[in-house]
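Peer 1: My questions all concern the structure below.
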Amino acid sequence: MGKSSNSALVFLAFFAIYVFWGSTYLLNKIAVTELPPFLLASCRFITAGSFIFILAKIMGISLSITKKQFINAVIAGILFLSFGNGVVVWALRYVDSGFAALEISAQPLIILLMMRILQGKKIQPMSVVGVVLGIIGIYLLVSQKQVIAQEDSITGMIMIFFCMLSWAYGSLFVAKADLPTNYFVNTGYQMFTAGIILALMSLSFGEEWSSPLDWSVKVKWSMVLLVIFGSILAFTSFNYLLKAVSPEKVATSTYVNPIVALLLGWYFLDEQITVQSVVAAVVLLTGVYFINTKKTLAIFERFKR
657 MGKSSNSALV FLAFFAIYVF WGSTYLLNKI AVTELPPFLL ASCRFITAGS
707 FIFILAKIMG ISLSITKKQF INAVIAGILF LSFGNGVVVW ALRYVDSGFA
757 ALEISAQPLI ILLMMRILQG KKIQPMSVVG VVLGIIGIYL LVSQKQVIAQ
807 EDSITGMIMI FFCMLSWAYG SLFVAKADLP TNYFVNTGYQ MFTAGIILAL
857 MSLSFGEEWS SPLDWSVKVK WSMVLLVIFG SILAFTSFNY LLKAVSPEKV
907 ATSTYVNPIV ALLLGWYFLD EQITVQSVVA AVVLLTGVYF INTKKTLAIF
957 ERFKR
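This is the structure in structure tokens:
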């Protein structure tokens, strides 16, 4: 019975990181058509962070952390959420949700190259194949005439690329930083402080604030789904899976999220899926697979003999 329950939890957790995270592109795209991007992201993360703190208290989890842990949590929140997510929401005003998800799927490629540049880490032969395929896939994706022809689409692409750099550096930072040991508490501090910073960014850029009572029904629902499913449930599931299954299995969300985003954008927003986008997705995600896999091609085994 225990094993059956555990299997069900693993299944539900995978569903969360596959579908809920994949749907955040659609939900953000819907909401950003009416709300300013930094205000939107701020409301999402302040609300989600507050709920996490409340849940932690109910569960009897201590929220006390050291000054250093707090500072590191703020830095991580800025890299991942304030800039890394907030600017992606801003870019969604200029690019399709499916396109943004596909571009972001190259994140493992950026992390690998940054580890090589900043840490001098050697790139393994399989990862070299992945890098080559990733670069080809990105070129096929961003070189489409239909995409380039859209107003300010190039600006959106470039800003998403800078977000990927921020996420990549954030990944390297948190690997060594002193952060709260409880991942629930860690996530709460990152989300709440990132939301505060996003609110300050919104004020700095002169965004027009509005009451949630004045938002349309579809924007209200998008926000609710982003907070509950895209933030709290998906991230909790992600951390649960990191302990319950191998990291390689958890990393499969990298391949599934953009496919979910593409299909949802096509179905609900009538976003166009071109043949070149499909080819780019196959090439790019194959490259990501080669970067993530620990297997070795037979041709490389020969050079070890």
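Last residue of the sequence shown: 961 (the numbering used here), numbering continuous.
By construction, the Cβ of each residue, glycine as well, lies at the ideal position given by its N, Cα and C atoms.
The structure presented is a predicted model; accordingly, all values stated were derived computationally and were not measured.
1. Beta-carbon separation of residue 947 and residue 786 under 8 angstroms?
2. Determine the direct distance from the alpha carbon of residue 850 to that of residue 860, and round the result to whole angstroms.
3. Determine whether the beta carbon atoms of residue 846 and residue 736 lie at a separation below 8 angstroms.
4. Assign residue 679 to buried or exposed, taking buried as 16 or more other Cβ atoms, counted over all protein chains shown, within 10 Å of its Cβ.
5. I'd like the list of long-range same chain contacts for residue 747, defined as Cβ closer than 7 angstroms, with 5 residues on each side in sequence excluded.
6. Grab the span of the alpha helix (DSSP H) containing residue 885 for me, first residue to last.
7. Please determine, among 677, 906, 687, the residue with the shortest C-alpha to C-alpha distance to residue 871.
8. Measuring alpha carbon to alpha carbon, tell me which residue in 844, 826, 927, 839 is nearest residue 703.
9. Have a look at residue 820 and residue 869 and give me their C-alpha separation to the nearest angstrom.
10. Would residue 797 and residue 943 be called neighbours here (beta carbons separated by less than 8 angstroms)?
11. Of the residues 906, 921, 932, which one's Cα is nearest the Cα of residue 666?
12. Out of 914, 892, 724, 918, which has the shortest C-alpha to C-alpha gap to residue 705?
13. For residue 693, which of helix, strand or coil comes out of DSSP?
14. Do residue 940 and residue 793 count as a contact pair if the criterion is CB distance below 8 angstroms?
15. Among the residues of its own chain, which have a CB less than 8 angstroms from the CB of residue 771, if the five just before and after it don't count?
16. Could you check which residue in 668, 690, 733 has the C-alpha nearest to that of residue 885?
17. Buried or exposed for residue 720, going by 16 or more other Cβ atoms inside 10 Å?
18. What did DSSP end up calling residue 750 once you bin it into helix, strand or coil?
19. Could you pull the start and end residues of the alpha helix (DSSP H) that residue 857 belongs to?
20. Report the CB separation of residue 875 from residue 690 in whole angstroms; it is logged as a contact under 8 angstroms.
21. Report the CB separation of residue 835 from residue 732 in whole angstroms; it is logged as a contact under 8 angstroms.
22. Write down the C-beta distance between residue 824 and residue 763 rounded to the nearest angstrom, noting that I regard them as a contact closer than 8 angstroms.
23. In whole angstroms, give me the CA-to-CA distance for residue 734 and residue 921.
Peer 2: So, to answer that:
1. Their beta carbons are under 8 angstroms apart, which means residue 947 touches residue 786 by this criterion.
2. Computed Cα separation, rounded: 15 angstroms.
3. Going by C-beta atoms, residue 846 is nearer than 8 angstroms to residue 736.
4. Per the 10 Å Cβ criterion, buried.
5. Residues of the same chain with a CB within less than 7 angstroms of the CB of residue 747, apart from the 5 flanking positions on each side, are 756, 812, 815, 816 in chain order.
6. Segment: none, residue 885 is in no alpha helix (DSSP H) and carries neither H nor E.
7. Answer by Cα proximity: 687.
8. Taking residue 703 as reference, the option from 844, 826, 927, 839 with the minimal CA-CA separation is 844.
9. So the alpha carbons of these two residues sit roughly 34 angstroms apart.
10. Result no, Cβ atoms of residue 797 and residue 943 do not sit closer than 8 angstroms.
11. Of 906, 921, 932, the residue nearest in Cα terms is 906.
12. Cα-wise, what sits closest to residue 705 is 892.
13. Note: residue 693 maps to helix in three-state DSSP.
14. The criterion of a C-beta distance shorter than 8 angstroms is satisfied by residue 793 and residue 940.
15. Result list for residue 771: 777, 828, in chain order.
16. Of the candidates 668, 690, 733, the one whose C-alpha sits nearest the C-alpha of residue 885 is 668.
17. Label assigned to residue 720: exposed.
18. Shown here, residue 750 sits in coil according to DSSP, grouped into three states, outside any helix or strand.
19. Here the alpha helix (DSSP H) through residue 857 covers 839 to 860.
20. The pair is a contact, with the Cβ atoms about 5 angstroms apart (cut-off 8 angstroms).
21. Indeed, because the Cβ distance is near 7 angstroms, the residues count as touching under 8 angstroms.
22. With 8 angstroms as the limit, residue 824 and residue 763 qualify as a contact, their Cβ atoms being about 7 angstroms apart.
23. In a straight line, the C-alpha of residue 734 is about 28 angstroms away from that of residue 921.
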